[in-house]
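Asks: Going by the numbering used here, 74 is the number at position 84 of the sequence shown; the sequence numbering is gapless. Backbone N, C-alpha and C fix where the C-beta goes; we use that ideal spot for every residue, glycine too.
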Amino acid sequence: MAFEIKMPQLGLTMEEGTVARWLKQEGDSVKKGDVLLEITTDKLTSEIESEADGILLKIVAEEGEDVPVKGLLGYIGESGEQIGQASASAATPTPASAPAAVPAAAKKAADTSVVVVGGGPGGYVAAIRAAQLGGKVTLIEKNKLGGTCLNVGCIPTKVLLHAAEALTEAKHMDNLGIQISVNGIDWKAVQSRKEAVTNQLVSGVIGLMKANKIRVMEGTASFASKTALEVVKKDGTKENVPFDKVILATGSVPAVPPIPGVKGNAACVDSTGALAFDHVPETLLVIGGGVIGMELATAYSRFGAKVTVVEAMPKLLPMMDGELTAMLRKKMEASGVTILTEAKVQSVEAAPVGAKVQVEVGGKVESFEAEKVLVAVGRRTDTEALGLDKVGIAHDRGRITVNDKMETNVPNIYAIGDCLGKVMLAHVASAQGEVAAENALGEIAVYDGKTNPSCVYTDPEFAGVGLTEEKAKEEGIPYQVGKFPLMANGKALIMNGGEGMIKFIIGKEYGEVLGVHILGPRATDLIGECALAIGMEATVDEIYATIHAHPTVTEAVREAALAATKRAIHIPNK
-9 MAFEIKMPQL
1 GLTMEEGTVA
11 RWLKQEGDSV
21 KKGDVLLEIT
31 TDKLTSEIES
41 EADGILLKIV
51 AEEGEDVPVK
61 GLLGYIGESG
71 EQIGQASASA
81 ATPTPASAPA
91 AVPAAAKKAA
101 DTSVVVVGGG
111 PGGYVAAIRA
121 AQLGGKVTLI
131 EKNKLGGTCL
141 NVGCIPTKVL
151 LHAAEALTEA
161 KHMDNLGIQI
171 SVNGIDWKAV
181 QSRKEAVTNQ
191 LVSGVIGLMK
201 ANKIRVMEGT
211 ASFASKTALE
221 VVKKDGTKEN
231 VPFDKVILAT
241 GSVPAVPPIP
251 GVKGNAACVD
261 STGALAFDHV
271 PETLLVIGGG
281 VIGMELATAY
291 SRFGAKVTVV
301 EAMPKLLPMM
311 DGELTAMLRK
321 KMEASGVTIL
331 TEAKVQSVEA
341 APVGAKVQVE
351 VGGKVESFEA
361 EKVLVAVGRR
371 TDTEALGLDK
381 VGIAHDRGRI
391 TVNDKMETNV
401 PNIYAIGDCL
411 GKVMLAHVAS
421 AQGEVAAENA
431 LGEIAVYDGK
441 TNPSCVYTDP
451 EFAGVGLTEE
461 KAKEEGIPYQ
471 VGKFPLMANG
481 KALIMNGGEG
491 MIKFIIGKEY
501 GEVLGVHILG
511 PRATDLIGEC
521 ALAIGMEATV
531 DEIYATIHAH
541 PTVTEAVREA
551 ALAATKRAIH
561 IPNK
């Protein structure tokens, strides 16, 4: 008699599952243990294995169909057999008190050793997710847990920016009718605060490793084979670490441009050095008008340094919306920052005050002197120590190649984050870490970067997600624009005098949200709603159909959405 394939109960509270994908088709020969189909319950994807040999005679539940526990999915039997009653053993109901069935993926996960190389926001997140899924996880870190982001990147930079913002606000309290005096900066206290915040967050990561029973090793890892790593510990000893799956999350390091005089010059620092100055320099020249350069230029100009930014491209922040970038430049120049675009540094040499920098701009070479020179031209992948070629991992000059499952070309080896050499952002690495861990432990997950926001902590803040207007033009996508100046928003007017704008890019035919770009107070927080809209493929009318609280800056998001269809309430529609 034909054998019935039924929806298993994969948990005590499970009532139904959804047929995600049939891996076998009607007429296919199957053996006991073959994976027949995948089902989903909430966010869990499980494989259903055949319990008998034979032919898949009939598929009863189609892909996308919801089926209750013990509901019929299909039949297995002999070729030509008529579908009838299931065998007695198959038809016997499972007692209500019987323990829930364990998914095949979960059974395998408990025996899977996962090694994560790199403890930054990609690596430690991947390690936690792999541990949640039942893997035996080891995390290898050569420096400090938390990686660049927590120790010498995102977090310490934002501590300095917050202190600088507070200083600026204090100096302008008389605008609010508050009379105070600012007696200068206790730079040691600022640095101590930075270290305290960093240490607290790193301690939190250490605690998460312990809570998730993740083994942490200190050392530098390289491939010994396709199934093992060699770890050189700080004391010089070596340990061979075998793995079933490995996730590479080795991150990146500051790039050093081939500018004569930069290497070995005590006045030249990278972003790590700029975070550890023993005092605020009187003059600072920043080479590079990207995110790192503009954030540190913002911080140190607020602290009182005379800052000059030199950028080789025609505009600052090349990946951000051009119109809002121009607005930011105008604001920064008004605050005293000198900005040179389409300018190239020819050389750097020692000078009595620090360094003399020769810059070609407008066809002429100009000389600038600065106490410190911040070299912020980008970052490069940190993969040299791994020995990628030894095991045949495909890469482009150290930039590891992966698919949307974060798989490399070598089975069981995954890579995430900055070591891919593409979008070097902490939140991207974390998202990719979850995807890699889930695929390594038998789940099915893919990385989709369309909801990835870019955030720049300048004054005012700058954030964007989705297509810029320039990108929409480049791709030939018909679009409409909606803009709302924050001068017309009450809360923004209170917070920063109403500087900035919110800009929507929407599809011309259907009104779908293609991109949103914000320059203004709390832009980096507001962008989350916009990323969600893009992820849900929302249309602009769904944005303005949502009631936004008043008085808030977020109601300006709704106004910009209204403006995209010439329905704005608080500005004239043009």
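(1) Should E55 go down as buried or exposed, given a rule of 16 or more other Cβ atoms within 10 Å for buried?
(2) Using 8 Å as the threshold, is the C-beta distance between E459 and T514 below it?
(3) The beta strand (DSSP E) spanning T227 covers which residue range?
(4) Would you tell me roughly how many angstroms separate the C-alpha atoms of M(-3) and L63, rounded to the nearest one?
(5) Express the C-alpha separation of K203 and T536 in angstroms, rounding to a whole number.
(6) Could you tell me whether the segment 146 to 161 touches the segment 433 to 451, using the rule of 3 or more Cβ pairs below 8 Å?
(7) Mind pulling the alpha helix (DSSP H) runs of 4 or more residues that sit fully within the segment 199 to 269?
(8) Need the endpoints of the alpha helix (DSSP H) that M284 sits in, please.
(9) Just to confirm my understanding: we take F293, look at its own chain, exclude 5 residues before and 5 after, and list those with CB closer than 6 Å. What are they?
(10) Assuming G432 and L504 make a contact with CB atoms under 8 Å, what is their CB distance in whole Å?
(11) Between A553 and N563, how many whole angstroms is the CB-CB distance? I'm expecting something under 8 Å.
(12) Closer than 7 Å by C-beta to A287: which residues in its own chain qualify, once you throw out the five before and the five after it? Chain order, please.
(13) In three-state terms, what does DSSP make of L47?
(14) Among N486, A528, I533, F494, whose alpha-carbon lies nearest the alpha-carbon of R512?
(15) Hey, is the segment 404 to 420 in contact with the segment 238 to 246, meaning 3+ C-beta pairs nearer than 8 Å?
(16) Please determine, among A179, K216, V115, the residue with the shortest C-alpha to C-alpha distance to L376.
(17) In whole angstroms, what separates the C-alpha of G488 from that of Y534?
(18) If you follow the beta strand (DSSP E) that Y469 is in, where does it begin and where does it stop?
(19) Would a C-beta distance cut-off of 8 Å place L135 and V187 closer than the cut-off?
(20) I need the straight-line Cα distance from T30 to M4, nearest angstrom please.
(21) How would you label Q169, buried or exposed, when you count the other beta carbons within 10 angstroms and need 16 or more for buried?
(22) Following the continuous alpha helix (DSSP H) through A366, name the residue where it begins and the one where it ends.
(23) Please give me, in chain order, every unbroken run of the beta strand (DSSP E) with length at least 3 that falls completely inside the segment 295 to 367.
(24) Looking at C-alpha atoms only, which residue of A264, V547, V142 is the closest neighbour of E532?
(25) According to DSSP, is V425 helix, strand or coil?
(26) Tell me whether the beta-carbon of F(-7) lies closer than 8 Å to the beta-carbon of G44.
(27) Measure how close the beta-carbons of D260 and P244 come, nearest whole angstrom, since I'm counting them as under 8 Å.
(28) When we look at the beta-carbon of G423 and count the other beta-carbons within 10 Å, is it buried (16 or more) or exposed?
(29) Specify the secondary structure class of L63 as computed by DSSP and reduced to three states.
(30) Of all the options A430, R557, G439, which has the alpha carbon lying nearest to the alpha carbon of G472?
(31) Taking 6 Å as the limit between beta carbons, can you name the residues of its chain near A94, skipping five residues before and five after?
(32) Let's see if you can read the secondary structure: which residues bound the beta strand (DSSP E) around P146?
(33) Mapping the DSSP letters down to three states, classify H417 as helix, strand or coil.
(34) Alpha carbons only, please: which of V367, S193, K224, E41 is nearest the one belonging to N141?
(35) Please state if the CB of H560 and the CB of A478 are separated by a distance shorter than 8 Å.
(36) My output table needs one value for R119: the three-state DSSP class, helix, strand or coil.
Replies: Reading off the structure:
(1) Translated into positions along the sequence shown, residue 55 becomes position 65. Exposed is the call here.
(2) What you label residue 459 is simply residue 469 of the sequence shown in a count that begins at 1. What you label residue 514 is simply residue 524 of the sequence shown in a count that begins at 1. No, Cβ-Cβ distance for E459 and T514 is not below 8 Å.
(3) If you number the sequence shown from 1, residue 227 lands on position 237. Here T227 belongs to no beta strand (DSSP E), and DSSP marks it neither H nor E.
(4) Indexing the sequence shown from 1 puts residue -3 at position 7. Indexing the sequence shown from 1 puts residue 63 at position 73. One C-alpha to the other measures close to 6 Å.
(5) Walking along the sequence shown from the start, residue 536 turns up at place 546. Walking along the sequence shown from the start, residue 203 turns up at place 213. If I take the Cα positions, the gap works out to 43 Å.
(6) yes
(7) 261 to 264
(8) What you label residue 284 is simply residue 294 of the sequence shown in a count that begins at 1. Here the alpha helix (DSSP H) through M284 covers 281 to 292.
(9) Within the sequence shown, the letter at position 303 stands for residue 293. Excluding positions up to five away in sequence, the list reads A154, V270.
(10) By 1-based counting over the sequence shown, the position of residue 432 is 442. By 1-based counting over the sequence shown, the position of residue 504 is 514. No, G432 and L504 are not in contact; Cβ-Cβ is about 35 Å, not under 8 Å.
(11) Residue numbering aside, residue 553 sits at position 563 when the sequence shown is read from its first letter. Residue numbering aside, residue 563 sits at position 573 when the sequence shown is read from its first letter. Right, the Cβ-Cβ distance comes to about 7 Å (below 8 Å), so this counts as a contact.
(12) As a working note, residue 287 is residue 297 in the sequence shown. The answer, listed in chain order, is V276, V297, V299, V327.
(13) Counting from one through the sequence shown, the residue named residue 47 turns up at place 57. In the structure shown, L47 sits in a strand (DSSP, three-state: E or B).
(14) Counting from 1 along the sequence shown, the entry for residue 512 is found at position 522. The shortest C-alpha separation from R512 is found at N486.
(15) yes
(16) Position 386 of the sequence shown, counting from 1, holds the residue named residue 376. Comparing Cα positions, the closest option is K216.
(17) On the sequence shown, residue 488 is found 498 positions in, with the first residue counted as 1. On the sequence shown, residue 534 is found 544 positions in, with the first residue counted as 1. Distance between the alpha carbons of G488 and Y534 is about 21 Å.
(18) Translated into the one-based positions of the sequence shown, residue 469 becomes position 479. Residues 469 to 475.
(19) Position 145 of the sequence shown, counted from the first residue, corresponds to residue 135. Position 197 of the sequence shown, counted from the first residue, corresponds to residue 187. Cβ distance not < 8 Å, so L135 and V187 don't count as in contact.
(20) For this step, residue 30 is matched to residue 40 along the sequence shown. For this step, residue 4 is matched to residue 14 along the sequence shown. In a straight line, the C-alpha of T30 is about 11 Å away from that of M4.
(21) Walking along the sequence shown from the start, residue 169 turns up at place 179. Q169 should be labelled exposed.
(22) Here residue 366 refers to the residue found at position 376 of the sequence shown. It is not in any alpha helix (DSSP H) - A366 carries neither H nor E in the DSSP assignment.
(23) 296 to 300, 328 to 330, 333 to 341, 344 to 351, 354 to 360, 362 to 365
(24) Along the sequence shown, one-based indexing puts residue 532 at 542. Checking every option, the nearest Cα to that of E532 belongs to V547.
(25) The sequence position of residue 425 within the sequence shown is 435, counting from 1. V425 falls in the helix class under three-state DSSP.
(26) The sequence position of residue -7 within the sequence shown is 3, counting from 1. The sequence position of residue 44 within the sequence shown is 54, counting from 1. Yes, these two residues count as a Cβ contact at 8 Å.
(27) Translated into the one-based positions of the sequence shown, residue 260 becomes position 270. Translated into the one-based positions of the sequence shown, residue 244 becomes position 254. About 4 Å; that satisfies the 8 Å criterion.
(28) By one-based count along the sequence shown, residue 423 stands at place 433. Buried: at least 16 other Cβ atoms inside 10 Å.
(29) By 1-based counting over the sequence shown, the position of residue 63 is 73. Of the three classes helix, strand and coil, the one that applies to L63 here is strand, per DSSP.
(30) Translated into the one-based positions of the sequence shown, residue 472 becomes position 482. The residue with the shortest Cα to Cα distance from G472 is R557.
(31) The count along the sequence shown starts at 1 and reaches residue 94 at position 104. Its pLDDT being 48, under 50, A94 is placed unreliably in this model, and the coordinates cannot settle the point.
(32) Position 156 of the sequence shown, counting from 1, holds the residue named residue 146. Run containing P146: none in the beta strand (DSSP E); it sits in the alpha helix (DSSP H), 144 to 161.
(33) Residue mapping note: residue 417 aligns to position 427 of the sequence shown, counting from 1. Correct three-state label for H417: helix.
(34) Counted from its first residue, the sequence shown places residue 141 at position 151. Out of V367, S193, K224, E41, S193 has the C-alpha closest to the C-alpha of N141.
(35) Here residue 478 refers to the residue found at position 488 when the sequence shown is read from its first residue. Here residue 560 refers to the residue found at position 570 when the sequence shown is read from its first residue. Cβ atoms of A478 and H560: closer than 8 Å.
(36) As a working note, residue 119 is residue 129 in the sequence shown. In this structure, R119 counts as helix in the three-state DSSP scheme.
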